[in-house]
Amino acid sequence: MRRGIGAVLICSSLFSCTQAVKQAVMPRSGDKIQLVQKGSFSFSEEEERFIVKEAKNLNIPIPDREEIKRYISYFLQNKPYLEKTLQRAEYYLPIIKPIVEKSGLPSELSLLPVIESGFNPLAVSRSGAAGLWQFIPSTARRYGLRVDEHVDERFDVIKSTEAAVRYLKDLYSMFGNWELALAGYNCGENCVKYRTAGVDFWITKDMLPEETRNYVPAFFAVLLITRDPVKYGLFSEGIKTLKKESQSAHAELSKVERSQRERIITLENGAKIIIKE
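As numbered in UniProt numbering, residues 1 to 277 make up the sequence shown, in order.
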(Lines of atoms letter the chains of each structure in order from A and count residues from 1; the text may use other names and numbers.)
(Lines give C-alpha, C1' and ligand atoms only; values in the text may rest on other atoms or scores of the structure.)
Protein backbone atom coordinates (compact mmCIF):
# COMPACT_ATOMS: atom_id res chain seq x y z
CA MET A 1 0.00 0.00 0.00
CA ARG A 2 1.22 3.46 -0.79
CA ARG A 3 0.52 7.10 -0.06
CA GLY A 4 -2.90 8.75 0.21
CA ILE A 5 -4.43 12.13 -0.66
CA GLY A 6 -4.90 13.86 2.66
CA ALA A 7 -6.50 12.25 5.67
CA VAL A 8 -9.48 10.91 3.73
CA LEU A 9 -7.32 8.82 1.42
CA ILE A 10 -4.79 7.51 3.91
CA CYS A 11 -4.80 3.71 4.02
CA SER A 12 -6.13 2.79 7.45
CA SER A 13 -4.87 -0.47 8.93
CA LEU A 14 -8.41 -1.11 10.13
CA PHE A 15 -10.02 -0.63 6.74
CA SER A 16 -8.27 -0.64 3.38
CA CYS A 17 -5.29 -2.83 4.26
CA THR A 18 -7.26 -5.78 5.58
CA GLN A 19 -7.48 -7.59 2.23
CA ALA A 20 -4.28 -8.65 0.53
CA VAL A 21 -4.04 -7.75 -3.13
CA LYS A 22 -4.65 -10.87 -5.18
CA GLN A 23 -1.97 -11.97 -7.60
CA ALA A 24 -3.66 -12.12 -10.98
CA VAL A 25 -2.51 -15.02 -13.14
CA MET A 26 -0.93 -13.56 -16.26
CA PRO A 27 2.62 -12.97 -17.49
CA ARG A 28 4.23 -11.05 -14.68
CA SER A 29 7.35 -10.32 -12.71
CA GLY A 30 7.36 -11.93 -9.30
CA ASP A 31 3.90 -11.58 -7.80
CA LYS A 32 2.86 -8.50 -9.77
CA ILE A 33 1.31 -7.93 -13.16
CA GLN A 34 4.14 -6.97 -15.46
CA LEU A 35 4.45 -3.20 -15.67
CA VAL A 36 4.59 -2.10 -19.31
CA GLN A 37 6.83 0.90 -19.63
CA LYS A 38 5.87 4.07 -21.44
CA GLY A 39 7.15 4.17 -25.00
CA SER A 40 7.52 0.38 -25.29
CA PHE A 41 4.87 0.11 -28.02
CA SER A 42 3.77 1.72 -31.25
CA PHE A 43 0.67 1.56 -33.45
CA SER A 44 0.04 2.91 -36.92
CA GLU A 45 -2.62 5.59 -37.41
CA GLU A 46 -4.95 2.92 -38.84
CA GLU A 47 -4.44 0.70 -35.79
CA GLU A 48 -5.06 3.66 -33.48
CA ARG A 49 -8.37 4.40 -35.24
CA PHE A 50 -9.36 0.73 -35.04
CA ILE A 51 -8.75 0.59 -31.28
CA VAL A 52 -10.76 3.75 -30.65
CA LYS A 53 -13.62 2.49 -32.85
CA GLU A 54 -13.80 -0.91 -31.17
CA ALA A 55 -13.77 0.65 -27.71
CA LYS A 56 -17.06 2.37 -28.55
CA ASN A 57 -18.74 -0.96 -29.40
CA LEU A 58 -18.40 -2.49 -25.95
CA ASN A 59 -20.95 -2.46 -23.13
CA ILE A 60 -18.20 -1.30 -20.77
CA PRO A 61 -16.94 2.15 -21.81
CA ILE A 62 -13.20 2.03 -22.49
CA PRO A 63 -11.35 5.34 -22.61
CA ASP A 64 -8.64 6.16 -25.13
CA ARG A 65 -5.74 5.72 -22.72
CA GLU A 66 -2.07 5.12 -23.39
CA GLU A 67 -1.97 2.59 -20.53
CA ILE A 68 -4.49 0.36 -22.32
CA LYS A 69 -2.60 0.52 -25.62
CA ARG A 70 0.59 -0.44 -23.81
CA TYR A 71 -1.13 -3.59 -22.54
CA ILE A 72 -2.49 -4.42 -25.98
CA SER A 73 1.09 -4.30 -27.21
CA TYR A 74 2.25 -6.30 -24.21
CA PHE A 75 -0.26 -9.10 -24.74
CA LEU A 76 0.61 -9.25 -28.42
CA GLN A 77 4.22 -9.81 -27.39
CA ASN A 78 2.96 -12.74 -25.29
CA LYS A 79 0.63 -14.30 -27.87
CA PRO A 80 1.20 -17.95 -26.84
CA TYR A 81 0.00 -17.20 -23.31
CA LEU A 82 -3.09 -15.33 -24.47
CA GLU A 83 -3.97 -17.93 -27.11
CA LYS A 84 -3.69 -20.76 -24.59
CA THR A 85 -5.83 -18.83 -22.11
CA LEU A 86 -8.55 -18.17 -24.69
CA GLN A 87 -8.48 -21.82 -25.73
CA ARG A 88 -9.19 -22.78 -22.11
CA ALA A 89 -11.94 -20.17 -22.07
CA GLU A 90 -13.71 -22.18 -24.78
CA TYR A 91 -14.71 -24.71 -22.12
CA TYR A 92 -15.98 -22.22 -19.57
CA LEU A 93 -17.46 -19.21 -21.36
CA PRO A 94 -20.61 -21.12 -22.42
CA ILE A 95 -21.12 -21.86 -18.72
CA ILE A 96 -20.33 -18.51 -17.13
CA LYS A 97 -21.44 -16.04 -19.81
CA PRO A 98 -25.19 -16.83 -19.42
CA ILE A 99 -24.86 -16.33 -15.65
CA VAL A 100 -23.23 -12.93 -16.15
CA GLU A 101 -25.77 -11.85 -18.76
CA LYS A 102 -28.76 -13.07 -16.72
CA SER A 103 -27.61 -10.84 -13.85
CA GLY A 104 -27.81 -7.77 -16.07
CA LEU A 105 -24.06 -7.15 -15.99
CA PRO A 106 -22.07 -6.46 -19.19
CA SER A 107 -21.24 -9.74 -20.91
CA GLU A 108 -17.61 -8.62 -21.25
CA LEU A 109 -17.11 -9.35 -17.55
CA SER A 110 -17.18 -13.03 -18.52
CA LEU A 111 -13.61 -12.45 -19.67
CA LEU A 112 -12.34 -11.28 -16.28
CA PRO A 113 -10.92 -14.77 -15.55
CA VAL A 114 -8.41 -14.14 -18.37
CA ILE A 115 -6.70 -11.77 -15.95
CA GLU A 116 -7.71 -13.45 -12.70
CA SER A 117 -6.82 -17.08 -13.33
CA GLY A 118 -5.89 -17.57 -16.96
CA PHE A 119 -9.21 -19.49 -17.09
CA ASN A 120 -7.69 -22.21 -14.92
CA PRO A 121 -10.43 -23.26 -12.44
CA LEU A 122 -7.82 -24.82 -10.15
CA ALA A 123 -5.58 -21.74 -9.96
CA VAL A 124 -4.37 -20.75 -6.49
CA SER A 125 -2.33 -17.60 -5.89
CA ARG A 126 0.32 -17.03 -3.24
CA SER A 127 -2.12 -14.79 -1.39
CA GLY A 128 -4.61 -17.67 -1.09
CA ALA A 129 -7.04 -16.56 -3.81
CA ALA A 130 -8.48 -19.55 -5.65
CA GLY A 131 -10.59 -20.67 -8.58
CA LEU A 132 -11.56 -19.05 -11.88
CA TRP A 133 -12.56 -15.85 -10.10
CA GLN A 134 -9.71 -15.86 -7.54
CA PHE A 135 -11.72 -15.31 -4.37
CA ILE A 136 -9.84 -15.01 -1.11
CA PRO A 137 -11.55 -17.07 1.64
CA SER A 138 -13.14 -14.16 3.51
CA THR A 139 -14.75 -12.63 0.42
CA ALA A 140 -15.85 -16.06 -0.80
CA ARG A 141 -17.70 -16.72 2.47
CA ARG A 142 -19.20 -13.23 2.43
CA TYR A 143 -20.76 -14.01 -0.94
CA GLY A 144 -22.14 -17.37 0.05
CA LEU A 145 -19.41 -19.81 -0.90
CA ARG A 146 -18.50 -22.63 1.43
CA VAL A 147 -14.78 -22.67 2.23
CA ASP A 148 -13.67 -25.08 4.93
CA GLU A 149 -11.53 -28.17 5.48
CA HIS A 150 -14.02 -30.36 3.62
CA VAL A 151 -15.39 -28.24 0.77
CA ASP A 152 -14.04 -25.27 -1.17
CA GLU A 153 -16.70 -23.91 -3.50
CA ARG A 154 -14.28 -21.41 -5.01
CA PHE A 155 -13.40 -24.27 -7.35
CA ASP A 156 -17.05 -24.76 -8.34
CA VAL A 157 -17.36 -22.98 -11.69
CA ILE A 158 -21.07 -22.22 -11.41
CA LYS A 159 -21.23 -21.23 -7.74
CA SER A 160 -18.10 -19.11 -7.89
CA THR A 161 -19.40 -17.32 -10.98
CA GLU A 162 -22.68 -16.57 -9.22
CA ALA A 163 -20.71 -15.20 -6.26
CA ALA A 164 -18.47 -13.12 -8.53
CA VAL A 165 -21.53 -11.63 -10.22
CA ARG A 166 -22.98 -10.59 -6.86
CA TYR A 167 -19.68 -9.06 -5.80
CA LEU A 168 -19.24 -7.16 -9.07
CA LYS A 169 -22.79 -5.82 -8.85
CA ASP A 170 -22.11 -4.57 -5.33
CA LEU A 171 -18.86 -2.94 -6.42
CA TYR A 172 -20.52 -1.18 -9.33
CA SER A 173 -23.33 0.02 -7.07
CA MET A 174 -20.73 1.36 -4.65
CA PHE A 175 -18.51 3.19 -7.16
CA GLY A 176 -20.76 3.85 -10.16
CA ASN A 177 -18.15 3.07 -12.81
CA TRP A 178 -16.29 -0.01 -13.98
CA GLU A 179 -12.75 1.27 -13.52
CA LEU A 180 -13.15 1.63 -9.75
CA ALA A 181 -15.37 -1.46 -9.50
CA LEU A 182 -12.69 -3.59 -11.19
CA ALA A 183 -10.01 -2.04 -9.01
CA GLY A 184 -12.13 -2.99 -6.00
CA TYR A 185 -12.40 -6.56 -7.24
CA ASN A 186 -8.62 -6.76 -7.32
CA CYS A 187 -7.58 -5.08 -4.08
CA GLY A 188 -10.82 -4.88 -2.10
CA GLU A 189 -13.55 -2.26 -1.96
CA ASN A 190 -12.20 -0.63 1.20
CA CYS A 191 -8.80 -0.13 -0.38
CA VAL A 192 -10.40 1.70 -3.31
CA LYS A 193 -12.85 3.60 -1.14
CA TYR A 194 -10.28 5.00 1.27
CA ARG A 195 -7.49 5.56 -1.23
CA THR A 196 -9.49 7.20 -4.01
CA ALA A 197 -12.57 8.56 -2.21
CA GLY A 198 -14.48 7.55 -5.34
CA VAL A 199 -12.53 9.95 -7.56
CA ASP A 200 -11.87 8.92 -11.19
CA PHE A 201 -9.56 5.88 -11.43
CA TRP A 202 -7.27 7.48 -14.00
CA ILE A 203 -6.71 10.45 -11.69
CA THR A 204 -6.19 8.49 -8.47
CA LYS A 205 -4.66 5.22 -9.75
CA ASP A 206 -1.23 6.09 -8.36
CA MET A 207 -2.78 5.92 -4.88
CA LEU A 208 -3.63 2.24 -5.46
CA PRO A 209 -1.34 -0.81 -5.21
CA GLU A 210 0.85 -1.30 -8.27
CA GLU A 211 -0.91 -4.49 -9.32
CA THR A 212 -4.32 -2.82 -9.15
CA ARG A 213 -3.35 0.14 -11.29
CA ASN A 214 -2.05 -2.32 -13.90
CA TYR A 215 -5.01 -4.69 -13.55
CA VAL A 216 -7.65 -2.32 -14.94
CA PRO A 217 -5.88 -1.34 -18.20
CA ALA A 218 -4.78 -4.96 -18.69
CA PHE A 219 -8.41 -6.13 -18.57
CA PHE A 220 -9.54 -3.41 -20.96
CA ALA A 221 -6.75 -4.46 -23.34
CA VAL A 222 -8.07 -8.04 -23.26
CA LEU A 223 -11.57 -6.80 -24.12
CA LEU A 224 -10.30 -4.90 -27.14
CA ILE A 225 -8.13 -7.76 -28.40
CA THR A 226 -10.92 -10.32 -28.12
CA ARG A 227 -13.26 -8.10 -30.15
CA ASP A 228 -11.21 -9.07 -33.22
CA PRO A 229 -8.32 -11.37 -32.29
CA VAL A 230 -7.49 -12.19 -35.92
CA LYS A 231 -6.93 -8.48 -36.54
CA TYR A 232 -4.27 -8.63 -33.82
CA GLY A 233 -2.64 -11.74 -35.28
CA LEU A 234 -4.09 -14.34 -32.91
CA PHE A 235 -5.59 -17.64 -34.10
CA SER A 236 -4.78 -17.84 -37.79
CA GLU A 237 -8.00 -19.81 -38.37
CA GLY A 238 -10.10 -17.32 -36.42
CA ILE A 239 -11.23 -17.51 -32.84
CA LYS A 240 -13.73 -20.14 -31.79
CA THR A 241 -13.49 -19.34 -28.13
CA LEU A 242 -16.02 -16.53 -27.88
CA LYS A 243 -18.50 -17.69 -30.52
CA LYS A 244 -19.01 -21.43 -30.20
CA GLU A 245 -20.87 -23.48 -27.61
CA SER A 246 -18.97 -26.67 -28.20
CA GLN A 247 -19.91 -30.16 -27.10
CA SER A 248 -16.93 -30.08 -24.77
CA ALA A 249 -18.42 -27.06 -23.00
CA HIS A 250 -21.69 -28.88 -22.41
CA ALA A 251 -19.76 -31.89 -21.18
CA GLU A 252 -17.91 -29.61 -18.77
CA LEU A 253 -21.21 -28.19 -17.54
CA SER A 254 -22.51 -31.70 -16.88
CA LYS A 255 -19.33 -32.47 -14.98
CA VAL A 256 -19.72 -29.34 -12.83
CA GLU A 257 -23.39 -30.09 -12.13
CA ARG A 258 -22.45 -33.63 -11.15
CA SER A 259 -19.73 -32.38 -8.82
CA GLN A 260 -22.31 -30.32 -6.94
CA ARG A 261 -23.94 -33.58 -5.85
CA GLU A 262 -20.68 -34.92 -4.47
CA ARG A 263 -18.87 -34.08 -1.27
CA ILE A 264 -15.15 -34.72 -0.86
CA ILE A 265 -13.92 -35.56 2.63
CA THR A 266 -10.24 -35.77 3.51
CA LEU A 267 -9.47 -38.41 6.14
CA GLU A 268 -6.83 -38.01 8.83
CA ASN A 269 -4.43 -40.22 6.88
CA GLY A 270 -4.75 -37.91 3.87
CA ALA A 271 -6.98 -40.18 1.83
CA LYS A 272 -9.94 -38.60 0.06
CA ILE A 273 -13.39 -40.12 -0.28
CA ILE A 274 -16.30 -38.90 -2.39
CA ILE A 275 -19.80 -39.08 -0.94
CA LYS A 276 -22.69 -38.98 -3.41
CA GLU A 277 -25.46 -36.71 -2.14
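Where a beta carbon is used, it is the ideal one built from N, C-alpha and C, also for glycine.
query	result
Proximity below 8 Å, CB of G198 to CB of L180	yes
Residue closest to A221, alpha-carbon to alpha-carbon, out of I60, D64 and Y71	Y71
Distance between I68 and Q77 (C-alpha atoms, nearest Å)	14 Å
Nearest residue (CA-CA) to Y91, options V147, L132, G128 and V216	L132
Anticipated Cβ contact below 8 Å, V165 with I99, distance rounded	6 Å
For D148 and P80, the rounded distance between their alpha carbons	36 Å
K97, buried or exposed, once every other Cβ within 10 Å from all chains shown has been counted against 16	buried
V69 - containing alpha helix (DSSP H), residue span	According to the sequence provided, residue 69 is Lys. The question's Val does not apply to it. Its alpha helix (DSSP H) spans residues E66 to L76.
Beta-carbon contacts of S110 that lie in its chain and below 7 Å, excluding the five residues immediately before and after	L93, I96, K97 and V100
DSSP three-state assignment for V192, whether helix, strand or coil	helix
Option nearest M207 by Cα separation, candidates V192, R65 and Y232	V192
Cα-Cα separation between A89 and I115, rounded to whole angstroms	12 Å
V230 versus H150: straight-line alpha-carbon distance, rounded	44 Å
Helix, strand or coil at A130 [DSSP, three-state]	strand
Cβ neighbours of residue 278 in the same chain (closer than 7 Å, five flanking residues each side left out)	With the chain covering 1 to 277 only, the question about residue 278 has no answer from this structure.
Three-state secondary structure (DSSP) of residue 287	This structure gives no information on residue 287, because the portion of the chain shown stretches from 1 to 277.
Backbone secondary structure at F201 - three-state DSSP	helix
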